[in-house]
Amino acid sequence: MSEAEDNEEIEVLTLPLDQWHRARGGRMVEFAGYWMPVQYNVEGGGILAEHEWTRTSAGLFDVSHMGQLFISGEGVEAALEAVLPIDLGTLKPFGPRYSMLLDEHGGILDDLMVTRWNSGFYLVVNGATKWDDMGHLREHLPDEVTMTYMEDNALLALQGPQAAAALERVTTGEWPLSALKFMKGGQFKIAGVEVWISRSGYTGEDGFEIALPAESAEAIADAICAQPEVQPIGLGARDSLRLEAGLPLYGHDLSPEHSPVDADLLFAVNKRRRTEGGFLGADRVLRELAEGTPQKRVGLALEGRQAAREGAEVYSGDQKVGVLTSGGFSPTLGHPIAMAYVDMAHAAPGTALEIDVRGKRLAARVVPMPFVPHRYYR
Amino acid sequence: MTRYFTQDHEWIDVDGAHATVGITDYAQGQLGDITFVDLPAAGTAVKKGDAPCVVDSVKAASDVYSPASGEVTEANGALDGEPELVNTDPEGAGWLFKLTLSDAGELDGLMDKAAYDEFVAGL
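Protein sequence lines, in the order shown, are assigned to chains D and U. 45 is the number of the first residue of the first sequence in our numbering; add one for each residue after it. 428 is the number of the first residue of the second sequence in our numbering; add one for each residue after it.
Next comes the structure, spelled out in structure tokens:
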């Protein structure tokens, strides 16, 4: 048998918690240029068990491959609004907001989080795209604006219904951790180390993202994992969790072919920017807002147990009407789910479609996302 | 009955012209949690190296190659309701399909258990 996975012999980098993962049975694979744990080969490990653990307790994810940037300087607000479809006038301090980097044609170069700090803006971008993102930003930001790659930072996420109880026990700060609602952030201390915590994540569960100095990553990961609610979780479950939550994955569900309009992520284009434009790629976004797009990103629920994956074609009768960009078995729902771009005429919830998997047609229907309800702490 | 192994991590039990095919414990460990097995129908003609069966895990869909040519006589129907048998008992109750062999000579290049264990240890 063969797995549809190939690791090319390129130089793969290690992250601050590399040995920490290996010591805990992490099966390391290459992802975004780094060795990262896809799952943990221990009692209670494996993608299904880790997925279930996160949905019922709390899972600790190492996402240190992601790019943390700090952008500041004279005129930074106007400069950022020229490259992001964000309205910084409505962005209060310390709360992250979802946004996108668009190219001049309105295609999505990356999706990211933007937080206003006292002296500038903190951005978290995807690992696989971070080098290109930095090049793009540097090219389009004026010289007066400084961009710092915070490469000495690690990033952890603690996700799940028990995340708050577990994290509260190891956190001190000016405010209790419970002062943070969904999409709010603040400075705290864990194991005596200053960290930045926001109540956000990529699983649909309540949870937190924690930016910290790389040199303290092991001590902080140990302190969090010492809580009985917490287990480390690999990339495999991260992917099945985000898919159930209806959250797109860059490089799969999002790419320069797509815009925030056909990706159905219009909330990333803040209201004022939808009329005023003035950001890179605005021509396409405003035109598509007015005229519509031929396709859009939808959720599909499959019958049976056989999963369909990225690249599988979607049919209505003999007519090809779309392509899957993500797909897999939903452990929570017990059946396969997928995201696809499909023609507008077939994008309404309830529409019956078929997915071609190796010449076999699997029955599916369009369903609203998220597939599994979000449980954010609002 | 003799059990042979392939470099692609299938096993095949041979009893005269009758054979049973599955994936090894090493293979199921690599695949992770199996959620579905697409089994061949009885009567399907397979050639050595064909992929008449697909094992779906949470991670990926993987082909299972037939270690020998012949005709499928039966698929493991228990896997329809319990695909996880391939994880819990890959070299027993989690077998995949049976076939009648058309050329027993094709088995010559396969490994025995000792050779396969050595092969896996070297991976």
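By construction, the Cβ of each residue, glycine as well, lies at the ideal position given by its N, Cα and C atoms.
Subject >> According to DSSP, residues forming a beta bridge with F232(D) >> reply: Within the first sequence, numbered from 1, the residue matching residue 232(D) stands at position 188. BP columns for F232(D) point to V239(D).
**OP:** Note down, in chain order, every chain D residue with its Cβ under 9 Å from the Cβ of F463(U).
**Re:** Residue 463(U) sits at position 36 when you count from the first residue of the second sequence. The contacting residues are G348, R349, Q350, A351, F373, P380.
**OP:** Can you grab the Cα-Cα spacing for the pair T447(U) / S101(D), in whole Å?
**Re:** The sequence position of residue 447(U) within the second sequence is 20, counting from 1. The sequence position of residue 101(D) within the first sequence is 57, counting from 1. One C-alpha to the other measures close to 42 Å.
**OP:** Can you give me the start and stop residues for the beta strand (DSSP E) that Y294(D) sits inside?
**Re:** For this step, residue 294(D) is matched to residue 250 along the first sequence. No beta strand (DSSP E) holds Y294(D); DSSP gives it neither H nor E.
Original post:
Quick one: what's got a C-beta closer than 6 Å to A48(D)'s C-beta in the same chain, skipping five residues either side?
Top reply: Numbered from its first residue, the first sequence carries residue 48(D) at position 4. Note that A48(D) scores a pLDDT of 48, beneath 50, so its modelled location is shaky and nothing firm can be said.
Original post:
Under a three-way DSSP split, which group does I91(D) fall into?
Top reply: In the first sequence, residue 91(D) corresponds to position 47, counting from 1. The answer is helix: DSSP assigns I91(D) an H, G or I state.
**OP:** Quick one: using the 10 Å Cβ neighbour count with 16 as the cut-off for buried, is L57(D) buried or exposed?
**Re:** Residue mapping note: residue 57(D) aligns to position 13 of the first sequence, counting from 1. The residue is exposed, with fewer than 16 neighbouring Cβ atoms inside 10 Å.
Original post:
Using a beta-carbon distance below 7 Å, is L59(D) in contact with chain U?
Top reply: Locating residue 59(D) in the first sequence gives position 15, where the first residue counts as 1. No, its Cβ sits nowhere closer than 7 Å to a Cβ of chain U.
Original post:
In chain order, which beta strand (DSSP E) runs of at least 3 residues are fully inside the region 149-236 of chain D?
Top reply: 152-161, 164-169, 189-193, 197-203, 229-234
Subject >> Coarse secondary structure for E533(U), derived from DSSP in three states >> reply: Walking along the second sequence from the start, residue 533(U) turns up at place 106. E533(U): helix per DSSP, three-state reduction.
Original post:
CB F105(D) to CB E288(D), shorter than 7 Å?
Top reply: Against the first sequence, residue 105(D) aligns to sequence position 61. Against the first sequence, residue 288(D) aligns to sequence position 244. Contact: no.
Original post:
Quick one: is E218(D) buried, meaning 16 or more other Cβ sit within 10 Å of its Cβ, or exposed?
Top reply: Looking up residue 218(D) in the first sequence gives position 174. Result: exposed.
Original post:
What residue from F114(D), H180(D), F373(D), D196(D) has the CA that sits closest to L285(D)'s CA?
Top reply: Translated into positions along the first sequence, residue 285(D) becomes position 241. Minimum Cα distance to L285(D) is reached at F373(D).
Original post:
Any chance the region 477-493 of chain U sits against the region 349-356 of chain D, with 3 or more Cβ pairs inside 8 Å?
Top reply: yes
Original post:
If T462(U) and P510(U) are in contact, beta carbons under 8 Å, what's the gap, nearest whole angstrom?
Top reply: Along the second sequence, read from residue 1 onward, the residue named residue 462(U) stands at position 35. Along the second sequence, read from residue 1 onward, the residue named residue 510(U) stands at position 83. That pair is a contact at about 6 Å.
Subject >> 7 Å Cβ cutoff, G89(D) in contact with chain B >> reply: In the displayed structure, chain B is absent; the protein chains listed are D and U.
Subject >> Beta-carbon gap between E183(D) and E118(D) smaller than 7 Å >> reply: Your numbering for residue 183(D) matches position 139 in the first sequence. Your numbering for residue 118(D) matches position 74 in the first sequence. No; because the gap between Cβ atoms is not below 7 Å, this pair is not in contact.
Original post:
Does L113(D) come within less than 7 Å of chain U when only Cβ atoms are used?
Top reply: Taking the first residue of the first sequence as position 1, residue 113(D) is located at position 69. Closer than 7 Å: no.
Subject >> CB contact below 7 Å: G280(D) versus chain U >> reply: Looking up residue 280(D) in the first sequence gives position 236. So, interface residue.
Subject >> Residues near Q206(D) by beta carbon distance below 6 Å, same chain, minus five either side >> reply: Here the question's residue 206(D) lines up with position 162 in the first sequence. Correct list, in chain order: S101, A102, E273.
Original post:
What beta strand (DSSP E) runs, 3 residues minimum, are completely inside the region 347-385 of chain D?
Top reply: 357-360, 363-374
Subject >> Straight-line Cα distance separating D177(D) from A312(D) >> reply: Within the first sequence, residue 312(D) is the residue found at index 268, counting from 1. Within the first sequence, residue 177(D) is the residue found at index 133, counting from 1. Answer to the nearest angstrom: the Cα atoms are 17 Å apart.
Original post:
Taking DSSP as the reference, what is the three-state secondary structure of R282(D)?
Top reply: Residue mapping note: residue 282(D) aligns to position 238 of the first sequence, counting from 1. Helix.
Original post:
Are the C-beta atoms of Y543(U) and some chain D residue less than 7 Å apart?
Top reply: As a first step, residue 543(U) must be located in the second sequence, where it is residue number 116. No, Y543(U) lies away from the interface with chain D (no Cβ there is under 7 Å from its Cβ).
**OP:** Consider the Cβ of S284(D): report whether some Cβ of chain U lies at a distance smaller than 7 Å.
**Re:** Locating residue 284(D) in the first sequence gives position 240, counting from the first residue. Cβ-Cβ to chain U under 7 Å: yes for S284(D).
Original post:
DSSP on I254(D), reduced to helix/strand/coil?
Top reply: Here residue 254(D) refers to the residue found at position 210 of the first sequence. It is a strand residue.
Original post:
Any residues in the region 73-102 of chain D with a beta carbon nearer than 9 Å to a beta carbon of chain U? Which ones, in chain order?
Top reply: V82, Q83, N85, G90, I91, L92, A93, H95
**OP:** Compare the beta carbon distance of V485(U) and D460(U) with 7 Å and say whether it is the shorter of the two.
**Re:** For the purposes of this step, residue 485(U) is taken as residue 58 along the second sequence, with counting starting at 1. For the purposes of this step, residue 460(U) is taken as residue 33 along the second sequence, with counting starting at 1. Against a cut-off of 7 Å, the Cβ pair of D460(U) and V485(U) comes out as a contact.
Original post:
Just the Cα atoms here: how many angstroms apart are G532(U) and P517(U)?
Top reply: Here residue 532(U) is taken as the residue at index 105 of the second sequence, counted from 1. Here residue 517(U) is taken as the residue at index 90 of the second sequence, counted from 1. Approximately 26 Å, taken between the alpha carbons.
Original post:
Of all Cβ atoms in chain D, is any one closer than 7 Å to the Cβ of G549(U)?
Top reply: Walking along the second sequence from the start, residue 549(U) turns up at place 122. No - not a single Cβ of chain D is within 7 Å of the one on G549(U).
Subject >> Top-ranked residue by Cα proximity to A502(U), from L523(U), A488(U), N514(U), G519(U) >> reply: As a working mapping, residue 502(U) is identified with position 75 in the second sequence. For the residues L523(U), A488(U), N514(U), G519(U), the minimum Cα distance to A502(U) belongs to L523(U).
Subject >> L59(D) beta carbon near the ligand PLP (any heavy atom closer than 6 Å) >> reply: The ligand PLP is not part of the structure shown, which contains no ligands of any sort.
Original post:
Would you say the region 199-216 of chain D touches the region 125-141 of chain D, given that touching needs at least three Cβ pairs under 8 Å?
Top reply: no
**OP:** Would you mind working out which of G343(D), L113(D), A210(D), L346(D) sits nearest M157(D), comparing C-alpha positions?
**Re:** Your numbering for residue 157(D) matches position 113 in the first sequence. Of the candidates G343(D), L113(D), A210(D), L346(D), the one whose C-alpha sits nearest the C-alpha of M157(D) is L113(D).
Subject >> Alpha-carbon to alpha-carbon, A235(D) and A263(D) >> reply: Here the question's residue 263(D) lines up with position 219 in the first sequence. Here the question's residue 235(D) lines up with position 191 in the first sequence. When rounded, the distance between both Cα atoms is 7 Å.
Subject >> Integer-rounded CB distance, given that G321(D) should sit under 8 Å from L330(D) >> reply: In the first sequence, counting from the first residue as 1, residue 330(D) sits at position 286. In the first sequence, counting from the first residue as 1, residue 321(D) sits at position 277. The pair is a contact, with the Cβ atoms about 5 Å apart (cut-off 8 Å).
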